[in-house]
Amino acid sequence: MSGPSANAPLRLGMVGGGSGAFIGAVHRIAARLDGEFTLIAGALSSTPEKSRASGEALGIPRVYDDYLAMAKGEARRKDGIEAVAIVTPNHMHAGPAIEFLKRGIHVICDKPLTATMAEAKKLAKVAEQAKALFVLTHNYTGYPMIRQARAMVAAGEIGRVRLVQVEYVQDWLTEAAEKSGSKQAEWRTDPERSGAGGATGDIGTHAYNLACFVSGLTPEALAADLQTFVPGRALDDNAHVLLRFEGGARGMLWASQVAPGNENGLRLRVYGDKGGLEWAQEDPNYLWFTPFGEPRRRITRNGAGAGPEAGRVSRIPPGHPEGYLEGFANIYAEAARAIRAHQKGKAAPEGVIFPTLADGLAGMRFVEACVQSSRRNAGWVTL
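At position 254 of the sequence shown the residue is numbered 254 (UniProt numbering), and the sequence of numbers has no breaks.
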């Protein structure tokens with residue numbers, strides 16, 4: 001990856017992500033890692049008092065009581081924000097995104113797209129008419145070896161894709177953490193804030209997005225068996241999903257937050273008629289490639305076998321690991337390139353890739369279909 005931009009940093013605002021919020025801190029690190037953004041405004045919490053306190057602690061120059069006041073205020077300023085990061089719980093994605101898009105301010109939103117399909121459709125209608133970009137932070141698509149895998153599949157190096165297996169497995173909700181003071185657990189297990197999917201929406205959407213991103217396949221139907229193992233929990237904490245893709249390929253997706261011994265076990269395997277690829281997020285600098293009938297090969301981020309798709313989103317020399325924060329920062333860097341081109345009335349530069357509104361809608365359809373299927377005793381549901 002090239003060094004920091006020679007242009008002045010893009011002016012960034014943030015909705016949510018106040019002091020102590022994990023994902024807010026991740027977005028702030030990702031946004032500033034390459035010098036592409038500077039955070040100058042925020043509506044950081046659900047109350048004015050908490051928002052102001054967070055703004056002071058984080059050194060943010062302009063702090064607003066709520067996102068609507070921020071959208072109106074920044075849109076009126078000549079030095080107002082050019083983009084906004086939305087890092088709230090799911091049920092607070094659509095409202096802020098719509099208000100900023102309507103005012104021509106680019107939106108970088110955490111996933112999933114919204115809490116409900118109705119909200120997603122409303123947001124989509126506004127985004128289609130807006131003079132601003134919408135970026136969804138499915139951050140795992142930013143890993144160099146995921147870009148490498150995608151390029152190899154597209155180039156036919158594993159032949160015609162037959163099988164896709166993906167899993168995202170955690171253990172942090174094995175017990176009822178939502179009843180012991182964990183704010184992260186509280187909103188993620190609350191249908192009013194999270195939406196219809198628990199583990200399905202939180203991490204299943206990541207797995208689903210990654211499977212589609214790398215394989216290049218379009219899912220046409222699924223059969224899902226969702227479970228809620230922890231007594232009293234309102235949403236699923238485990239999901240087994242079968243996938244049928246256009247063209248005949250088949251897939252399996254497992255998402256769980258009740259599997260002891262697993263921290264963030266995101267793994268992807270794609271098999272074609274000429275070979276297979278394997279990648280694990282907890283060891284992200286390696287991609288394993290096995291041509292049929294030949295020994296297994298390890299491709300490293302900047303080593304032999306890696307192509308330009310991996311190189312353009314790598315920052316440091318071979319042997320030094322890049323991981324979660326850098327992958328997240330790649331989404332912000334790609335967004336910055338697209339925003340700068342958009343400001344000049346041009347398309348994004350060649351090679352720039354980031355998750356879009358279409359990916360967000362696909363994720364919402366995935367969650368909705370999983371819930372419908374599970375209610376029908378894991379019957380097949382068309383996507």
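Idealized CB from N, CA, C, for every residue including glycine.
Annotation: residue 242 to residue 338 spans about 35 angstroms, alpha carbon to alpha carbon. The alpha-carbon of residue 43 is positioned some 13 angstroms away from that of residue 100. Between residue 152 and residue 340, the alpha-carbon positions lie close to 29 angstroms from each other. Listed in chain order, the non-local C-beta contacts of residue 244 below 8 angstroms within the same chain comprise 219, 220, 221, 222, 250, 251 and 380, local neighbours out to five positions each way being set aside. Residue 264 carries a coil assignment under DSSP once its states are collapsed to helix, strand and coil. Residue 125 and residue 303 have their alpha carbons spaced roughly 44 angstroms apart. Boundaries of the beta strand (DSSP E) around residue 276: 275-280.
Taking 8 angstroms as the upper bound for CB-CB distance, residue 130 and residue 159 are not in contact here, some 41 angstroms apart. As DSSP reads the structure, residue 225 sits in a beta bridge with 240. Boundaries of the alpha helix (DSSP H) around residue 129: 117-129. Our two residues, residue 205 and residue 366, have alpha carbons roughly 7 angstroms apart in a direct line.
In summary, residue 90 is buried, with 16 or more beta-carbon neighbours lying within 10 Å of its beta-carbon over all protein chains present. Excluding its 5 nearest sequence neighbours in each direction, residue 305 has C-beta neighbours in its own chain below 6 angstroms: 299, listed in chain order.
Note that the segment 143-150 touches the segment 281-294; at least 3 beta-carbon pairs, one per stretch, sit closer than 8 angstroms. Under DSSP, the beta-bridge partners assigned to residue 269 are 165 and 278. Residue 127 counts as buried, since at least 16 other C-beta atoms from the protein chains shown sit within 10 angstroms of its C-beta. With fewer than 16 other CB atoms across the displayed protein chains lying within 10 angstroms of its CB, residue 180 is exposed. Between the alpha carbons of residue 268 and residue 66 lies a gap of roughly 40 angstroms. Contact between the segment 328-338 and the segment 186-198 is absent: fewer than 3 CB-CB pairs across the two stretches fall below 8 angstroms. Taking C-alpha positions only, residue 226 is separated from residue 113 by approximately 21 angstroms.
Under the DSSP assignment, residue 291 falls in the beta strand (DSSP E) whose first and last residues are 286-291. Counting along the chain, the unbroken alpha helix (DSSP H) around residue 215 starts and ends at 205-215.
A straight-line Cα-Cα distance of about 17 angstroms links residue 348 and residue 141.
Under DSSP, residue 256 forms a beta bridge with 169 and 238. Straight through space, the alpha carbons of residue 64 and residue 154 are spaced by roughly 46 angstroms. Residue 364 and residue 69 have their C-alpha atoms some 28 angstroms from each other. Annotation: the segment 31-115 contains the following complete segments of the alpha helix (DSSP H) (minimum length 4 residues), in chain order: 48-58, 67-76 and 94-102. Within the same chain, Cβ atoms closer than 8 angstroms to the Cβ of residue 210 are found at 138, 140, 141, 146, 166, 266 and 268, the five residues on either side in sequence being excluded. Residue 11 holds the alpha-carbon nearest to the alpha-carbon of residue 81 among 23, 202, 318 and 11.
Assignment of residue 192 by DSSP, reduced to helix, strand and coil, places it in the helix class.
In this structure, 332 is the residue among 345, 277, 332 and 53 with its C-alpha nearest to the C-alpha of residue 356. For residue 299, the secondary structure class from DSSP, reduced to helix, strand or coil, is strand.
Here the C-alpha atom of residue 213 lies approximately 14 angstroms from the C-alpha atom of residue 351. The C-alpha of residue 286 is placed about 36 angstroms away from the C-alpha of residue 132. When DSSP states are grouped into helix, strand and coil, residue 219 belongs to the strand group. Inclusion of residue 87 and residue 23 in the CB contact set at 8 angstroms is warranted, their separation being smaller than that value.
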